[in-house]
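Take a look at the structure below.
Residue numbers (my numbering), protein chains in the order written: chain E, 134 to 235; chain B, 559 to 1187.
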């Protein structure tokens, strides 16, 4: 049986890959994908902790299902925003999106 | 008698209507609206007077004070509250008649006088505002309401003096009038506050007899109130605004600066008369001395002025001095024993309002005819303006105190009251009455007789004023002829009881002789074409003449005190402190905030990823702190 730490290592790697991607990618879509990575790593953590620490209960599973649903909706909203940004600015390079300044 | 509220509401509505719609209405329509409103108000006032005096006296033999309408407007703690209401008593009803009559006459007269002026509608709306404020002042149920309307008449006076706002003198005069009277009103306000604080009420007569501190401080409060009254009524040394106020249109001078507003101070003293007599007779006597000095000063100055409106202005100041003296010499509230002056003062107020309005309106006709205020442009006008001439003569005889015109009766009562007080006061006032006769007839002869300015008159032939202007003159002259026979003491007296006026012929005879002497000297000096005597006297006493012509340099003294002392030594340092210390501190705060903001602003780059680095760094920092603690 695979030990809990291996799962956690995977999810930690995913998490930091996501953060790294979010901070360094210049494309909004790539940043969105990175955010999804972070979310998924958290989902894995929920499932793993439920499976190994509280085997008789199901809250962690349900919560990760719930988070997947929310993240799907959030992705839809984010893509809608990105499409709008593209329509307005003909560009989704994050460097060019400094209209939020001040 | 609830309809009395309309007396205030109608002119107010007229003011609003003309003020808001003025420019959309044709001038004639606007004037007609104003005049009709004032006419209705006048009818209401007469009807009020008829009903009030017709209702008769109550069991104690006085006309009861009626309050047809009253409402608590601003309640303070305790018993103190400011009311708005309408109070009818003999003097307020008398004032209603004076104000509405003169106001109506001025409204009609202005049709002719102001014809074709720019801002005709504005003029009529201001007249309505003034009429409303003045009626509110006399109808006030308490001292604070009176103060509110007191300031309103001040504002309307300011607006009307500055009516020709393109003329620099008019603007300066309106500001001067406003500032001087406002300065005096500060005294009035402090007096009201002291009165309200210590007696616990703003009403004219406190409910219970005053005790302790209230009784001690009441003379102070009344004295301060008199300062306010002195400012409005142009008592020395606060008179300086009134001669300058003649920059306004002449009908305005007739209404505000001769007949109604300037007697507000007299009305105030009469209103507070029971308190003056009961608690502060010495303050009342001080007002008498102030009034007597003012009367003398103004009469002397009036003798040498060359601008006819200025002569009338100083004569107004002098006559108001008479009224104040008459109130001031009262020693009790019984008209038979030293309280005669109250009735005399109110009587003179009534008759003076009529004949002085007549004089001003006559002067307006003359100015209308020759387009100048200076006597040098006049002379010999009797041929051109018969109606103005006759009515002016009637008013001059009346103010000089010639039997049987109204001025004789009221002035006689004042002089009798003065002789009751002390013989020398009586003699001084008699002498001033003689001086009055002299300067009024000097004015009369210089305008209608004497050397004609033929050069000016052939170039522009003087003409009689139109009917709208002569009609008020004739009406007021008729009132002046008969007003003396009104049994005034039956309506108004110091304790409210009927007082039968009887003429003391020793006093009246003396004053008649003195007046006749004054007229005779004026005739001798000014009737003929050459004025050798007058010019000779002016040369002989050139110093005195020059000083009097410059009003004894009172204005210059004010100028010196305000500019050289107050502005230079007090205001300038304060202004420096304000500009550099107070403002500087505020500016410093603003500059520091600005700089800091600029520095912080650089953090707001607008790049999402930079924000997220801050966010993650913060989260990490927090996690580390939580781990360590």
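Glycine included, C-beta positions come from ideal geometry on N, C-alpha and C.
The beta carbon of residue 1164 of chain B sits closer than 9 Å to some beta carbon of chain E.
The beta-carbon of residue 155 of chain E is placed less than 9 Å from the nearest beta-carbon of chain B.
In the structure shown, the three-state DSSP call for residue 1052 of chain B is coil. Taking the Cβ atoms as the reference, residue 646 of chain B lies roughly 15 Å from residue 763 of chain B, outside the contact range of under 8 Å. Here the alpha carbon of residue 956 of chain B sits roughly 5 Å from the alpha carbon of residue 965 of chain B. In this structure, the beta-carbon distance from residue 901 of chain B to residue 656 of chain B does not fall below 9 Å. As far as DSSP is concerned, residue 1060 of chain B takes part in no beta bridge.
Residues 787 of the same chain have their beta carbon placed closer than 6 Å to that of residue 826 of chain B, with the five preceding and five following residues left out of the count. Cβ contact annotation for residue 1026 of chain B (same chain, cutoff 7 Å, sequence separation greater than five): 666, 667, 669 and 670, in chain order. In the DSSP assignment, residue 738 of chain B falls within the unbroken alpha helix (DSSP H) covering 726 to 757.
From the listed residues B/1111, B/921 and B/736, the smallest Cα separation to residue 719 of chain B is found for B/736.
Neighbours of residue 231 of chain E in chain B, taken as residues whose beta carbon is under 8 Å from its own, are 1163, 1164 and 1165 in chain order.
The three-state reading of DSSP puts residue 640 of chain B in strand, counting E and B together.
Taking the C-beta atoms as reference points, residue 861 of chain B is found no nearer than 9 Å to residue 937 of chain B. Sequence-distant partners of residue 583 of chain B (beyond 5 residues in either direction) whose C-beta falls short of 8 Å from its own C-beta, in its chain, are 576, 591 and 679. The shortest CA-to-CA distance from residue 960 of chain B to any of B/1010, B/601 and B/1040 is the one to B/1040. The C-beta of residue 708 of chain B has 16 or more other C-beta atoms within 10 Å across all chains shown, which makes the residue buried. Beta-bridge annotation (DSSP): residue 633 of chain B is paired with B/639. With fewer than 16 other Cβ atoms from the protein chains shown falling within 10 Å of its own Cβ, residue 190 of chain E counts as exposed. No residue range can be given for residue 723 of chain B, since it is assigned to no alpha helix (DSSP H) and is classified by DSSP as neither H nor E. Take residue 1029 of chain B, set aside five residues on each side of it, and the residues of its chain with a beta-carbon closer than 7 Å to its own are 666, in chain order. With contacts defined as CB atoms closer than 9 Å, residue 158 of chain E and residue 167 of chain E qualify as a contacting pair. For residue 837 of chain B, same chain residues with a beta-carbon under 7 Å away, outside a window of 5 residues either side, are 768, 773, 776 and 777 in chain order. By the Cβ neighbour-count rule, residue 1160 of chain B is exposed, with fewer than 16 other Cβ atoms within 10 Å of its own. In the structure shown, residue 690 of chain B adopts helical secondary structure according to DSSP, grouped into three states. Residues of chain E whose Cβ lies closer than 8 Å to the Cβ of residue 566 of chain B do not exist, since the nearest Cβ in that chain is about 57 Å away. Of the candidates B/687, B/1123 and B/789, the residue whose Cα lies closest to the Cα of residue 566 of chain B is B/687. When the five nearest sequence neighbours on each side are left out, the beta carbons in the same chain lying within less than 8 Å of the beta carbon of residue 642 of chain B are those of 628, 629, 631, 699 and 703, in order along the chain.
Within the stretch 135 to 168 of chain E, 152, 155 and 156 place their CB atoms closer than 7 Å to a CB of chain B, listed in sequence order. Within the stretch 216 to 227 of chain E, those residues whose Cβ lies closer than 7 Å to any Cβ of chain B are, in chain order, 227.
Apart from the 5 residues on each side of it in sequence, residue 1086 of chain B sits with its Cβ closer than 8 Å to the Cβ of 1008 in its chain, given in chain order. CA-to-CA, the gap between residue 1047 of chain B and residue 968 of chain B works out to about 11 Å. By the Cβ-count criterion, residue 1069 of chain B is buried, with 16 or more other Cβ atoms from all chains shown falling within 10 Å of its own Cβ. For residue 809 of chain B, the three-state secondary structure derived from DSSP is helix. For residue 802 of chain B, the enclosing alpha helix (DSSP H) begins and ends at 799 to 802.
In the structure shown, the three-state DSSP call for residue 768 of chain B is coil.
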